[in-house]
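Have a look at the structure below, then the notes.
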Amino acid sequence: APAAFAGTTTINFDTPVVTSPVGLGTQYLAEGVEFGPDVRSLEIPDECSAQIYRDPAHARSGTQVAYSFCPAHGEDFDQEAEILGKLSDFSDAVSVYAGAPGGGLEGVTLTVYNAHGTALAKRTATVGSDATTLMAITTTTEEIAYFAVQGPIAISTAIEIDDLSFEVPSVPPPPQIGV
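So the sequence shown is numbered by my numbering: it starts at 1 and just counts up by one.
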């Protein structure tokens, strides 16, 4: 079901309440976003699954965050911590508060994509240990279909996001059809 039109939707990951990590997927579809590696066919390196994770010490609001961690796999350092989302309706703005609970991290990137998988914009930041570093992207048209928050490649460090926000258009956009 598409999100309601006209306004800003913010997801703080505090529902459903979890006592141990739970895979992040369709829990927020009614609010307008689906998470996981299967939400797109973008050319992004192997991703690790994101989870809803209870972390009151590092959450910006409430007690839970979206969390991703890729442990080192021997000599295979081609994976990165990553949180992927697909919006139910096209948007012109996406923002998250990011952090790395292991003590901060350079090179955390928010990238937004159109329906065809073309990167529209990206922002890279050094984040602290708490999910309080604002990363935001606004485009001139409502064409953001997907977003990815990624840690630097080949680094086995967790990333977290909280208070994901995205603008919901006032009028439903026309469909984008890829050929």
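Ideal Cβ positions, reconstructed from N, Cα and C, are used throughout, including at glycine. Quantities reported herein were computed from a predicted structural model and do not represent experimental measurements.
Check: Option in 97, 142, 13 with minimal Cα separation from residue 23; Outcome: 13
Check: Cβ contact check for the stretch 126-142 and the stretch 99-107: 3 or more pairs under 8 Å; Outcome: yes
Check: Proximity winner among 121, 133, 163, relative to residue 139 (alpha-carbon distances); Outcome: 121
Check: Nearest residue (CA-CA) to residue 56, options 34, 84, 9, 17; Outcome: 17
Check: Exposure label - residue 15; buried when at least 16 CB within 10 Å; Outcome: exposed
Check: Close-in-space but distant-in-sequence residues of the same chain around residue 142 (CB under 7 Å, 5 per side omitted); Outcome: 90, 91, 92, 169, 173
Check: Between the CA atoms of residue 146 and residue 31 - distance to the nearest angstrom; Outcome: 15 Å
Check: Proximity winner among 68, 33, 131, relative to residue 96 (alpha-carbon distances); Outcome: 131
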